[in-house]
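Down below is the structure, laid out as structure tokens.
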């Protein structure tokens, strides 16, 4: 009887561990001028504060190979200057910033594979 319980316990443990997907598997670089992430698994939310001057541009590159991604660029509790939910395609664009300050980039992945890049480019 103990042998049967041990075998079923081992099978249950193996099944449980293989069913879990990682929250994040990849690389991340972030500072006050950029957020760059490349990943084979992204199933969580991450954010980075960017310090931006009026007239600067936040260059955005999103590559989605699988899954969905949502993102938001927002200063404090103001209206977001860029936002999209549940995108499943790659996109590349620039966001012009009208007001200086610290903007938070928030990215949420749902079984996502790919990369994101948010880089502050000076107006000068």
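In mature numbering (1 follows the signal peptide of the UniProt record, and there is no 0), the protein residues as written are -21 to -1, 1 to 103.
Yeah, the Cβ is synthetic: ideal placement off N, Cα and C, and Gly gets one too.
Alpha-carbon spacing of residue i relative to residue j, whole angstroms
i          : j          : result
residue 11 : residue 63 : 22 Å
residue 46 : residue 3  : 13 Å
residue 44 : residue 53 : 26 Å
residue 31 : residue 23 : 25 Å
residue 93 : residue 83 : 21 Å
residue 61 : residue 20 : 24 Å
Delimiting residues of the beta strand (DSSP E) encompassing residue i
i          : result
residue 70 : 70 to 75
residue 33 : Premise fails: residue 33 is in no beta strand (DSSP E) and is neither H nor E.
residue 61 : 61 to 66
Residue(s) in a DSSP beta bridge with residue i
i           : result
residue 20  : 4
residue 89  : 47
residue -16 : DSSP lists no partner for residue -16.
residue 54  : 82
Within-8 Å CB hit, residue i to chain D
i         : result
residue 6 : Looking for chain D here will not work: only one protein chain is present.
Assumed close pair residue i, residue j - CB separation to whole angstroms, cut-off 8 Å
i          : j          : result
residue 75 : residue 39 : Between residue 39 and residue 75 the Cβ distance is about 12 Å, and since that is not below 8 Å, they are no contact.
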